[in-house]
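One structure is given below, encoded as C-alpha cells.
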Amino acid sequence: MRTIYKIIIPIVVIAIIVGSIFAYQYFQTPQQTITMNGAGATFPQPFLNATITTYTAQIRTNVRINYQAVGSGAGIQSLTSKTVDFAGSDAPLTDSQRAAAPNTLHIPETIGAVTLTYNLPSISSGLHLSGQVIANIFLGTITNWNDPAITTLNAGTTLPDHAITTVHRSDGSGTTNVFTRYLSNVSSIWNSTVGFGTSVQWTGTNAIGASGNANVASTVTQTQYAIGYVELAYALQNSMTVASVRNPAGNYIAPSLDSTTKAVQSGALGLPAGDQSWLKVSLLNSADPQAYPIVSFTYVLVYKELSVIPGMDQNKATQLVQYLWYVVHDGQQLALPLEYASLPTNVVQIDETTIRSITFNGQQLPVS
Numbered sequence: 127m128r129t130i131y132k133i134i135i136p137i138v139v140i141a142i143i144v145g146s147i148f149a150y151q152y153f154q155t156p157q158q159t160i161t162m163n164g165a166g167a168t169f170p171q172p173f174l175n176a177t178i179t180t181y182t183a184q185i186r187t188n189v190r191i192n193y194q195a196v197g198s199g200a201g202i203q204s205l206t207s208k209t210v211d212f213a214g215s216d217a218p219l220t221d222s223q224r225a226a227a228p229n230t231l232h233i234p235e236t237i238g239a240v241t242l243t244y245n246l247p248s249i250s251s252g253l254h255l256s257g258q259v260i261a262n263i264f265l266g267t268i269t270n271w272n273d274p275a276i277t278t279l280n281a282g283t284t285l286p287d288h289a290i291t292t293v294h295r296s297d298g299s300g301t302t303n304v305f306t307r308y309l310s311n312v313s314s315i316w317n318s319t320v321g322f323g324t325s326v327q328w329t330g331t332n333a334i335g336a337s338g339n340a341n342v343a344s345t346v347t348q349t350q351y352a353i354g355y356v357e358l359a360y361a362l363q364n365s366m367t368v369a370s371v372r373n374p375a376g377n378y379i380a381p382s383l384d385s386t387t388k389a390v391q392s393g394a395l396g397l398p399a400g401d402q403s404w405l406k407v408s409l410l411n412s413a414d415p416q417a418y419p420i421v422s423f424t425y426v427l428v429y430k431e432l433s434v435i436p437g438m439d440q441n442k443a444t445q446l447v448q449y450l451w452y453v454v455h456d457g458q459q460l461a462l463p464l465e466y467a468s469l470p471t472n473v474v475q476i477d478e479t480t481i482r483s484i485t486f487n488g489q490q491l492p493v494s
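Here's what the structure looks like:
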C-alpha cells in the first residue's frame, strides 16, 4: 500500500502542476494592444521610423505607433485640433500657435542638417555655394548655372550654360522654416522680401513645388539642372550630390554627421525649459570653423496634460511617456547611422525634466 501511495502522490502533484500551467495559459487575459498616433515633420521621419520599429518590435510589443509624415505645419494643426497624440515639428511653435494649443511641450528628439542637393550631369561632387548665392538662386536673381557669382566660388570647375530649376516644399514645412531662417540670416534682401516660416512666397521664375522631403529629393533626382533643399538623411538615402556651403569662418563645409555635431556643440547652450518658447533657439551659422551652417533641432510636441486628448486613458498616456523617454535615451543610438546628431547631455537633461512633467488627470506618469 505504501508503495502505491509513493507512486500515486507524485503523479497527483505533477497533474496539479501541469493543470495549473494549462489553466494559466488558457485563462490569462492577453496583453492589451495600445495604439498611438502622431503626425508632422518629414525632416526626422527616418529617425522616428527607426525608433518606432525598434521600440514596438523589441521593447513594447503590445504598442503600435503610427506616424504620418505630412509636414510640420499639418502636424501642428493636428495637435491643435487634438486628432493625434503627438506631433513632429522642425519649427518651434509661434506665440499664436502656443496660444491655440496651450500647455504644449517642446521635446528636442534629434538634430539634423538641411542640405543643398543638385542634379548637374557634368558635376558629380564638389560644388561650392555661399549663403548669399543660395538666396539669390531661390530669389530668381541668379538664373543660370554659369552665372559669375557661382563660377567665382568654383574655380577650376566648368559649370553648364543652362537655366537653374529650383525645387521647394509646397506644404507647410519645418525644413522650409530652417532653410528660410538661414537665408534670412545671410541675405538682407531675402529677409526683407521673403522672410522665414513653414510656408513662404517663393519668387523664383523656374521653380517647382513638392510635398515632403522625400518628394523634393525625388524631384531633384528626376530633374536635370535642378537644386533643392532636403534633410541630410534623404540625400544619403537617394545617393544625391550635395553642395559644400560656406560657413561664417569662410570654410566650405560638406554636410555630414561630424559637421552637424560640431554645430550642436557650440550652439546648444542656454536653452529654455520644455514648457517655454523655443522660438529664439538656433543652431544656424555656428562659430565653429568646421561646422556646417544649416543645422537644426527637430521636436516632438505633446500636451503637458494628456487627458485633453479625446480617447486618451492612463495606460495609453503611460505608454506615450515611456516611448518618448526611450527616444531621448536608448533611441539616440539609432540617430548616428542615419546621420542625425545625438542629443547633447544638457538637452537630454532638459528632455527628462519635460517628460517627467507630463501628467494624466493631474497624476505624474512613470517613465519606465
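In my numbering, the protein residues as written are 127 to 494.
Yeah, the Cβ is synthetic: ideal placement off N, Cα and C, and Gly gets one too.
Here the structure is a predicted model, which is why all the values come from computation and not from measurement.
Assigned secondary structure, residue i (DSSP; H/G/I helix, E/B strand, else coil)
i: P170; result: coil
i: T554; result: Past the edges of the chain, shown from 127 to 494, lies residue 554, and the structure says nothing about it.
i: Q363; result: helix
i: N339; result: helix
i: I484; result: coil
i: I476; result: helix
i: T269; result: coil
i: Q158; result: coil
i: Q327; result: coil
i: S494; result: coil
i: F305; result: helix
i: G282; result: coil
i: Q489; result: strand
i: W404; result: coil
i: Y150; result: Confidence at Y150 is low in this model, with a pLDDT of 36, below 50, so the placement of that residue should be treated as unreliable; the coordinate-derived value is given next. Here Y150 sits in helix by DSSP.
Which residues DSSP lists as bridging residue i, in chain order
i: H254; result: S370
i: Q194; result: A165
i: F212; result: G164
i: I185; result: DSSP output for I185 lists no bridge partner at all.
i: T291; result: A352
i: L462; result: DSSP lists no partner for L462.
i: A333; result: T292
i: Y425; result: S215, P234
i: I249; result: L246
i: I379; result: V371
i: A467; result: I237
Through-space distance from residue j to residue i, alpha-carbon basis
i: L362; j: V454; result: 23 Å
i: G354; j: V293; result: 5 Å
i: A289; j: A352; result: 9 Å
i: P170; j: S483; result: 24 Å
i: F148; j: Q158; result: Since pLDDT at F148 reaches only 38, below the 50 mark, its modelled position is unreliable, and no value is offered.
i: T278; j: I260; result: 14 Å
i: D477; j: I233; result: 6 Å
i: V342; j: A461; result: 22 Å
i: V312; j: I263; result: 13 Å
i: S146; j: A200; result: For S146, the predicted model reports a pLDDT of 43, less than 50, meaning its position is unreliable and no value from the coordinates is stated.
i: V407; j: Q258; result: 22 Å
i: L427; j: L231; result: 6 Å
i: S296; j: V326; result: 9 Å
i: N229; j: D401; result: 7 Å
i: T485; j: I315; result: 46 Å
i: A275; j: L285; result: 11 Å
i: V304; j: P463; result: 22 Å
i: T168; j: Q194; result: 9 Å
i: T331; j: T319; result: 15 Å
i: R307; j: T241; result: 14 Å
i: P398; j: T479; result: 12 Å
i: L491; j: T345; result: 44 Å
i: G252; j: M366; result: 12 Å
i: S382; j: L205; result: 32 Å
i: G437; j: Y452; result: 23 Å
i: A413; j: G488; result: 43 Å
i: T182; j: N192; result: 11 Å
i: Q416; j: I160; result: 45 Å
Whole-number beta carbon distance between residue j and residue i, since they are thought to touch under 8 Å
i: Y466; j: A359; result: 7 Å
i: V371; j: Y425; result: 24 Å between Cβ atoms; not a contact.
i: G197; j: G298; result: 5 Å
i: L421; j: L410; result: Per the sequence presented here, residue 421 reads as Val, with Leu not at that position. Indeed, because the Cβ distance is near 7 Å, the residues count as touching under 8 Å.
i: A369; j: L255; result: 5 Å
i: S494; j: Q448; result: 6 Å
i: T329; j: L246; result: Wrong, their Cβ atoms sit about 23 Å apart, outside the cutoff.
i: N339; j: V356; result: 5 Å
Do the segment 179–197 and the segment 376–389 meet, that is, are 3 or more Cβ pairs less than 8 Å apart? no
Is there contact here, the segment 205–217 with the segment 459–473, by at least three beta-carbon pairs under 8 Å? no
For the segment 442–451 against the segment 219–226, do three or more pairs of beta-carbon atoms, one drawn from each stretch, fall closer than 8 Å, so that the two count as touching? no
Are the segment 231–247 and the segment 383–402 in contact at 8 Å, needing three or more beta carbon pairs? yes
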